[in-house]
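Novice: In case it helps, this note's numbering puts the sequence shown at residues 103 to 446.
We put the beta carbon where it would ideally sit given N, CA and C, even for glycine.
The structure presented is a predicted model; accordingly, all values stated were derived computationally and were not measured.
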Amino acid sequence: MNKSQNTMHALVWTAPRAMEMQTLPIPVLEPDEVLIKVAYAGICGSELSGYLGHNALRVPPLVMGHEFSGEIVALGKDVTTLTEGQNATVFPFTACGVCAYCVQGMPQLCVSRKLLGAHRPGAFAEYVAVPAVQVFPLPSEMSLRLGALTEPVACGVRVGEWVGAVAGEVALIIGAGPIGLLSLLALKIYGAKRIFIADLDPARLEIGAALGGEVLDPRAVDVIQVVREATGGLGSAVSVDAVGAAMTRRQCISATRALGRVVLSGLHEETSAMPVADVIRRELTLQGSFSYSPANFSEAIKWLQEGRVPLDPWLVEAPLLEGGLWFDRLIEGPGGVAKVLLIP
Ligand SMILES: NC(=O)c1ccc[n+]([C@@H]2O[C@H](COP(=O)([O-])OP(=O)(O)OC[C@H]3O[C@@H](n4cnc5c(N)ncnc54)[C@H](O)[C@@H]3O)[C@@H](O)[C@H]2O)c1
Ligand SMILES: [Zn+2]
Ligand SMILES: [Zn+2]
103 MNKSQNTMHA LVWTAPRAME MQTLPIPVLE PDEVLIKVAY AGICGSELSG YLGHNALRVP
163 PLVMGHEFSG EIVALGKDVT TLTEGQNATV FPFTACGVCA YCVQGMPQLC VSRKLLGAHR
223 PGAFAEYVAV PAVQVFPLPS EMSLRLGALT EPVACGVRVG EWVGAVAGEV ALIIGAGPIG
283 LLSLLALKIY GAKRIFIADL DPARLEIGAA LGGEVLDPRA VDVIQVVREA TGGLGSAVSV
343 DAVGAAMTRR QCISATRALG RVVLSGLHEE TSAMPVADVI RRELTLQGSF SYSPANFSEA
403 IKWLQEGRVP LDPWLVEAPL LEGGLWFDRL IEGPGGVAKV LLIP
């Protein structure tokens with residue numbers, strides 16, 4: 103850190119599979135922005151595909167990072183609603199503010215939305231500048247470590263909005279990464295009776311089991327058959343795909359009962375073949391779930407505050423300069439890690 107000299111350290115993605123620490127200028131604030139000193143910044147699954155160069159949204163050189171917490175250390179001259187010294191997290195989408203989606207509280211669906219850490223420099227740095235309207239102050243008793251989970255938890259809150267009436271029902275989740283695990287917590291909160299969760303990684307399955315899921319290794323069992331047997335042959339009321347591969351999308355459709363819902367949240371593949379005739383003949387609802395609204399963000403802070411997100415044992419803290427290493431590790435096999443939090 104060298105605030106007096108106006109420079110900072112940042113983790114810069116320079117090319118597919120290449121990250122390096124660089125010294126960059128501390129961002130200069132626009133009148134409506136605030137400067138946040140980053141405390142914790144999580145690595146998102148979508149950034150892993152970005153790192154590999156599989157994601158049109160992200161172009162190097164880029165400072166990624168959109169899941170973070172920190173302290174407000176400077177205010178642009180027009181900012182009156184926040185104060186220096188406040189701990190905060192940030193809704194990472196900037197949007198037009200006037201379109202039908204923005205006006206209805208869904209800036210994440212605005213056609214001109216921009217994502218922090220993709221379209222503008224993100225939080226894998228000592229400091230990040232963000233528009234004040236996107237800042238969510240954290241409750242005073244909440245730790246910055248917990249506050250950094252707001253964004254991924256909000257993805258789970260959104261999935262929870264789309265799962266429909268699941269109280270007393272059987273559900274399936276494929277993928278036990280952060281998105282799948284947080285979907286599991288959402289389904290529990292909404293009262294699902296049995297929640298099957300499948301993953302290829304045994305350590306990730308252990309986390310799923312500890313959170314109350316009934317875990318399935320798709321290499322050892324036929325996921326669809328297990329779900330059908332548990333439901334008198336009908337299938338799950340809702341299935342959540344938290345991977346986004348052709349196979350997992352297909353499995354979710356096949357495992358879901360007639361009139362059930364398939365929530366698609368995994369983005370691993372842009373396009374994939376799916377058994378659409380099956381969707382038609384069993385009148386399934388295919389529902390996309392994309393990020394979160396500001397209301398989902400507030401709800402996520404509430405879930406964290408109420409202790410409803412018991413992921414603490416599976417959080418890994420690492421210095422920002424080891425960020426590149428952690429990107430590689432997460433791609434190779436996540437092990438027993440729910441989320442890596444980088445510390446500048
Ligand atoms: N819709 C959204 O708003 C949103 C938000 C964040 C991330 N995502 C996307 O969701 C996906 C998951 O994100 P994450 O952060 O949990 O990522 P992650 O990569 O940490 O987790 C994916 C998990 O899927 C498992 N997996 C892979 N192939 C599988 C298979 N065939 N069967 C069962 N499990 C399998 C992996 O072992 C891993 O545990 C990514 O594609 C990410 O881009 C979507
Ligand atoms: Zn994310
Ligand atoms: Zn808009």
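1. By Cβ distance, which residues of its chain are closer than 6 angstroms to residue 343, with the 5 residues on each side in sequence left out?
2. Please specify which runs of the beta strand (DSSP E), each continuous and at least 3 residues long, are wholly inside the stretch 151-178, giving them in chain order.
3. Just curious, the alpha helix (DSSP H) that residue 405 is in, first and last residue?
4. Taking 7 angstroms as the cut-off, is the C-beta of residue 146 nearer than that to any heavy atom in ligand 1?
5. Mind reading off the beta-carbon distance from residue 278 to residue 438? Whole number of angstroms is fine, and I expect it under 8 angstroms.
6. Does any heavy atom of ligand 1 sit closer than 7 angstroms to the C-beta of residue 194?
7. Is residue 435 near residue 303, with beta carbons less than 8 angstroms apart?
8. Under the criterion of a Cβ to heavy atom distance below 7 angstroms, does residue 201 qualify as lining ligand 3?
9. So what does DSSP say about residue 125, is it helix, strand or coil?
10. What first and last residue would you give for the alpha helix (DSSP H) that runs through residue 280?
11. Would the C-beta of residue 185 count as close to ligand 1, meaning under 7 angstroms from any of its heavy atoms?
12. Take residue 431 as the anchor and find which of 300, 229, 147 has the nearest alpha-carbon.
13. Since residue 429 is in the alpha helix (DSSP H), which residue starts that stretch and which ends it?
14. With respect to 7 angstroms, is the separation between the Cβ of residue 305 and the closest non-hydrogen atom of ligand 3 below this value?
Specialist: Let's see:
1. Working through the sequence shown from its first residue, we reach residue 343 at position 241. Excluding residues within five positions, the ones whose Cβ falls inside 6 angstroms are 276, 350, 351, 354, 366, 368.
2. 169-177
3. Within the sequence shown, the letter at position 303 stands for residue 405. Segment 396-407, the alpha helix (DSSP H) holding residue 405.
4. As a position in the sequence shown, residue 146 is number 44, starting the count at 1. At least one heavy atom of ligand 1 is nearer than 7 angstroms to the Cβ of residue 146, so yes.
5. Translated into positions along the sequence shown, residue 278 becomes position 176. Translated into positions along the sequence shown, residue 438 becomes position 336. With a Cβ gap of about 11 angstroms, residue 278 and residue 438 do not count as contacting.
6. Position 92 of the sequence shown holds residue 194. No, since every heavy atom of ligand 1 falls outside the 7 angstroms radius drawn around the Cβ of residue 194.
7. Against the sequence shown, residue 435 aligns to sequence position 333. Against the sequence shown, residue 303 aligns to sequence position 201. Yes, they are a contact pair.
8. As a position in the sequence shown, residue 201 is number 99, starting the count at 1. At least one heavy atom of ligand 3 is nearer than 7 angstroms to the Cβ of residue 201, so yes.
9. Taking the first residue of the sequence shown as position 1, residue 125 is located at position 23. The answer is strand: DSSP assigns residue 125 an E or B state.
10. Counting from 1 along the sequence shown, the entry for residue 280 is found at position 178. Where residue 280 is concerned, the enclosing alpha helix (DSSP H) stretches over 280-291.
11. By one-based count along the sequence shown, residue 185 stands at place 83. Every heavy atom of ligand 1 is 7 angstroms or more from the Cβ of residue 185, so no.
12. Taking the first residue of the sequence shown as position 1, residue 431 is located at position 329. Selected option, being the one with the closest Cα: 147.
13. Position 327 of the sequence shown holds residue 429. Looking at the DSSP string, the run of the alpha helix (DSSP H) that includes residue 429 is 425-434.
14. The residue given as residue 305 occupies position 203 in the sequence shown. Answer for residue 305: no, Cβ out of range of ligand 3.
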